[in-house]
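Going down the list, the protein sequences come from chains A and B. The numbering of the first sequence is full-length UniProt numbering, which starts it at 1 and goes up by one. The numbering of the second sequence is full-length UniProt numbering, which starts it at 1 and goes up by one. This report concerns only the one structure given below.
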Amino acid sequence: MKDAFGAPQSLLVLGGSSEIALATARRLVARRTRRVYLAGRPSPALDAAAERLRGLGAEVDTVVFDALDPASHEEVLGKVFAEGDIDAVLLAFGVLGDQAHDEQDPMAAVRVAQTNYTGAVSAALVCGAALQRQGHGSLVVLTSVAGERARRENFIYGSSKAGLDAFTQGLGDALHPCGVHVMAVRPGFVRTRMTAGRPEAPLSTTPEAVAAAIESGLRRRAETVWTPTALRPVMSALRHLPRPLFRLLTTPR
Amino acid sequence: MPVPLAPATAPVTGWGRTAPTVARLLRPGTYEEAVAAVRAADARGTIARGLGRAYGDAAQNAGGAVLDMTALDRIHEIDAVGGVITCDAGVSLHRLMEVLLPLGWFVPVTPGTRYVTVGGAIGADIHGKNHHVSGSFSRHVRALELLTGDGETRVVTPQDDPELFWATAGGMGLTGVVLAATIQLQSVGTTLMTVDTERAADLDDLMARMTATDHRYRYSVAWIDLLARGARTGRAVLTRGDHAPLEALPPRARRDPLAFRPRRLPAAPRLLPDGLLGRTTVGLFNELWYRTAPRERRGQLQRLAAFFHPLDGLPEWNRIYGRAGFVQYQFVVGHGQEETLRAVVERLAAHGCPSFLAVLKRFGDGDPGWLSFPMPGWTLALDIPAGLPGLAPLLDELDQQVAAAGGRVYLAKDSRLRPDVLAAMYPRLDDFRSLRARLDPRGAITSDLARRLAL
Numbered sequence: 001m002k003d004a005f006g007a008p009q010s011l012l013v014l015g016g017s018s019e020i021a022l023a024t025a026r027r028l029v030a031r032r033t034r035r036v037y038l039a040g041r042p043s044p045a046l047d048a049a050a051e052r053l054r055g056l057g058a059e060v061d062t063v064v065f066d067a068l069d070p071a072s073h074e075e076v077l078g079k080v081f082a083e084g085d086i087d088a089v090l091l092a093f094g095v096l097g098d099q100a101h102d103e104q105d106p107m108a109a110v111r112v113a114q115t116n117y118t119g120a121v122s123a124a125l126v127c128g129a130a131l132q133r134q135g136h137g138s139l140v141v142l143t144s145v146a147g148e149r150a151r152r153e154n155f156i157y158g159s160s161k162a163g164l165d166a167f168t169q170g171l172g173d174a175l176h177p178c179g180v181h182v183m184a185v186r187p188g189f190v191r192t193r194m195t196a197g198r199p200e201a202p203l204s205t206t207p208e209a210v211a212a213a214i215e216s217g218l219r220r221r222a223e224t225v226w227t228p229t230a231l232r233p234v235m236s237a238l239r240h241l242p243r244p245l246f247r248l249l250t251t252p253r
Numbered sequence: 001m002p003v004p005l006a007p008a009t010a011p012v013t014g015w016g017r018t019a020p021t022v023a024r025l026l027r028p029g030t031y032e033e034a035v036a037a038v039r040a041a042d043a044r045g046t047i048a049r050g051l052g053r054a055y056g057d058a059a060q061n062a063g064g065a066v067l068d069m070t071a072l073d074r075i076h077e078i079d080a081v082g083g084v085i086t087c088d089a090g091v092s093l094h095r096l097m098e099v100l101l102p103l104g105w106f107v108p109v110t111p112g113t114r115y116v117t118v119g120g121a122i123g124a125d126i127h128g129k130n131h132h133v134s135g136s137f138s139r140h141v142r143a144l145e146l147l148t149g150d151g152e153t154r155v156v157t158p159q160d161d162p163e164l165f166w167a168t169a170g171g172m173g174l175t176g177v178v179l180a181a182t183i184q185l186q187s188v189g190t191t192l193m194t195v196d197t198e199r200a201a202d203l204d205d206l207m208a209r210m211t212a213t214d215h216r217y218r219y220s221v222a223w224i225d226l227l228a229r230g231a232r233t234g235r236a237v238l239t240r241g242d243h244a245p246l247e248a249l250p251p252r253a254r255r256d257p258l259a260f261r262p263r264r265l266p267a268a269p270r271l272l273p274d275g276l277l278g279r280t281t282v283g284l285f286n287e288l289w290y291r292t293a294p295r296e297r298r299g300q301l302q303r304l305a306a307f308f309h310p311l312d313g314l315p316e317w318n319r320i321y322g323r324a325g326f327v328q329y330q331f332v333v334g335h336g337q338e339e340t341l342r343a344v345v346e347r348l349a350a351h352g353c354p355s356f357l358a359v360l361k362r363f364g365d366g367d368p369g370w371l372s373f374p375m376p377g378w379t380l381a382l383d384i385p386a387g388l389p390g391l392a393p394l395l396d397e398l399d400q401q402v403a404a405a406g407g408r409v410y411l412a413k414d415s416r417l418r419p420d421v422l423a424a425m426y427p428r429l430d431d432f433r434s435l436r437a438r439l440d441p442r443g444a445i446t447s448d449l450a451r452r453l454a455l
């Protein structure tokens, strides 16, 4: 059960080797979390992540989970929930893709969309239903500021996150009366392996800062979390820029 | 996905309004309906709930059923000569006072609110300002009817089944649903109190006064200003008293010495801004409270409700903490552990916890309840806004100090304790767990508190 400060005792991470997810898990384990499930494709990185969390005192299991195989989600995730209540689910998987390449390779673009959107929709629905049966719990979904307004340089990724963000908001409203808390987290540019080598955007942040924002959002039962928080007014302004001006600002010269 | 909700499904919180969870709310009007509800419990189980004054998650049951017991409110029998009452568990102490005071009887123990039920009083094994004289509530319970997880109803007395009785006293409703109880009452001549008030300059002064003279009073409690620092750390207003005898009343009051008509203001509004109770406002309030209290006043006559239940005058006062809600932290440390108490008070003052009406009480002997909170020593209770930065780790740190000193925190107030600290605080925890496993292998009785702390 979560305590009065929204700190979960058990955590399921989808995308178990994501750096943001691990920073969050570390932070939550330092508070109350004792049971962690790391779901993802089997990899040395996933095992290393599990080992690291065990070192912090958590009981950790890895779960074989593939976002691109939505038909398996019900069974794979159902097994996790059958073992006991999950107080918080962190949906953190996603791929950035390679925009320039993917524009030339539609099937690669579709894989980005299937991972970030379709796979997330299926996993979120499965987890949402399980949380509803429990009568409590939080579903934290990592979307992105890239979904707030499409940009020339990452609109395949951005559109998948836009879809996921809209889905998350709707799911939050659907599950609100059932006692399930759904929170969309919209980070800006986060310095991780996924973004390594890419030009840094203004207001960039770190996995640790996103983790702190998630912990605080859980405490406040926030429904939308911008991180850093300054992104909210910035994006709200950008959103209303006329297209020609926006193009001028965001198209690399 | 989201199936249409049954009409009786609702989010439930404790008095602190933190960590809501959703459960099916059932309101049995008869014992048979209560039995049926327990027998029908699924894997998520069921828990009894009274008036919801436990601060944390004791009367919540996510995904399961919550039995609102307040419809079971019949008074069965009053022995007006011997001072014994038998009533349903859903009867409130407020109702008992309305019924009993005109007969010259009073509840044996009352907490800071009258709006708790008899069942809740047993489940939390509540204490009051008279703990140093009268112990906790269960000491005065002669028998209770308990509906256990197997759907059977048993009469439990401390003589015939001490195990089950003392597991139930303070057992947070987890041994079963209390349906009815027989309680020994306290006789009173009037509904007025004679009250002595004095100010203590700091914590040492306060503890010295309480140690020296608490035994002269039936009721004793101190309010501490936890925002005062330096030499004034732990400054307090000590109020102690007893029921006023008839001859102490002025002639007009003697005409109706057993009158009980407590006044209540309109309820606090539903939507109040967050942060009303910050360091500035609470600091001002505490300053005023301390300054306006008399340095020393003897024999003041006070109405019973004003003496015992000042906050009951403002219904739904918990709303003043805003949406984030609040936590109450109450712990006890034994005699000889005054250093720990002092360290905790200093730590709270240094952190600047905006806590108005922190309360210090000197407990007398404890009772045998397995998870019963009181033990001989000092108990401090304080309310803190849940949104206060750094509060969660601060309280964890205090837990460690309290546990290391052989003390404990009060489960009826708790909403945030770590499960691994619990065993050190409650030595009979394992007995409690194995009794529950024996009594209710199906897990028909459970709560969010039980899940959080693995009770």
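For each residue, glycine too, the CB sits at the ideal point set by N, CA and C. Treat the numbers as computed from the prediction; the structure is a model and nothing was measured.
Please state whether DSSP places A:Met183 in a helix, a strand or coil. strand
Measure the Cβ-Cβ separation of residue 514 of chain B and B:Arg95 and say whether it is below 9 Å. Missing from the structure shown is residue 514 of chain B; chain B here goes from 1 to 455 and no further.
In chain A, which residues lie with their C-beta within 7 Å of the C-beta of B:Ala386? Ala4 and Phe5
Using a Cβ-Cβ cut-off of less than 7 Å, give me the residues of the segment 164 to 185 of chain A that come near chain B, in sequence order. Ala174, Leu175, Pro177, Cys178 and Gly179
At which residues does the alpha helix (DSSP H) containing B:Lys361 begin and terminate? Where B:Lys361 is concerned, there is no enclosing alpha helix (DSSP H), although the beta strand (DSSP E) it sits in stretches over Ala358 to Phe363.
Secondary structure of B:Glu98, DSSP reduced to three states: helix
For a contact meaning CB atoms closer than 7 Å, what does B:Asp57 contact in chain A? Met1
Quick one: give me the first and last residue of the beta strand (DSSP E) that A:Thr24 is part of. Segment Glu19 to Arg31 is the alpha helix (DSSP H) holding A:Thr24; no beta strand (DSSP E) there.
Verify the CB distance criterion: does A:His240 have a CB-CB separation below 9 Å to chain B? no
Does B:Asn61 get closer than 9 Å to chain A when you measure Cβ to Cβ? yes
For A:Gly170, tell me which candidate among A:Val225, A:Val89, A:Ala25 and A:Val121 has the shortest Cα-Cα distance. A:Val121
So if I threshold CB-CB distances at 9 Å, which residues from the segment 135 to 146 of chain A count as touching chain B? Gly135, His136 and Gly137
To the nearest angstrom, report how far apart B:Gly170 and A:Gly137 are at their CA atoms. 28 Å
For the segment 60 to 86 of chain A, enumerate the residues whose C-beta is nearer than 7 Å to any C-beta of chain B, in chain order. Asp85
Return the Cβ separation of B:Arg436 and B:Thr175 in integer angstroms, given the expectation that the two are a contact with Cβ distance under 8 Å. 7 Å
Beta strand (DSSP E) segment containing B:Ile78, residue limits: Ile75 to Asp79
Consider the Cβ of A:Arg32: report whether some Cβ of chain B lies at a distance smaller than 9 Å. yes
What does B:Pro20 touch in chain A if you count any residue whose Cβ is under 7 Å from its own? Gly179
So B:Arg428 and B:Asp399 are in contact, right, with Cβ under 8 Å, and what is the actual spacing, rounded? That pair is no contact at about 19 Å.
Would you identify the three-state DSSP class for A:Met1, choosing helix, strand or coil? coil
Check for me: the beta strand (DSSP E) holding A:Ser10 runs from which residue to which? Ser10 to Leu14
Between B:Trp378, B:Leu395, B:Arg297 and B:Ala248, which lies nearest to B:Ile384 when the distance is taken from Cα to Cα? B:Leu395
Whose Cβ in chain B lies nearer than 8 Å to the Cβ of A:Arg35? The contacting residues do not exist; A:Arg35 stays about 12 Å from chain B at best.
When you compare each of B:Arg451, B:Val359, B:Phe432 and B:Ala404 to B:Val237 by their alpha carbons, which one comes out closest? B:Val359
Candidates A:Arg232, A:His240 and A:Ala48: closest to A:Ser144 by CA position: A:Arg232
Boundaries (first-last residue) of the alpha helix (DSSP H) holding A:Gly78: His73 to Ala82
From the beta carbon of B:Arg442, is the nearest beta carbon of chain A less than 9 Å away? no
Do B:Gly45 and B:Met69 count as a contact pair if the criterion is CB distance below 9 Å? no
According to DSSP, what are the bridge partners of B:Leu106? Sequence inspection shows Phe at residue 106 of chain B; the Leu mentioned does not correspond to that position. B:Phe106 is bridged to B:Gln186.
Beta carbon of B:Pro158 nearer than 9 Å to that of B:Val141: yes
Going along chain B in order, which residues have a C-beta closer than 8 Å to the C-beta of A:Gln114? What A:Gln114 touches in chain B: nothing, since even the nearest Cβ is about 21 Å away.
Pairs of beta-carbons, one from the segment 182 to 191 of chain A and one from the segment 219 to 228 of chain A, closer than 8 Å: are there three or more? yes
Am I right that B:Leu301 and B:Leu192 are in contact with their C-beta atoms under 8 Å? What's the rounded C-beta distance? 5 Å
Based on the DSSP secondary-structure assignment, which residues constitute the bridge partners of A:Phe246? Its beta-bridge partners do not exist; DSSP assigns none.
Beta-carbon of B:Val327 versus every beta-carbon of chain D: anything under 9 Å? Protein chains A and B are contained in the structure displayed, whereas chain D is not.
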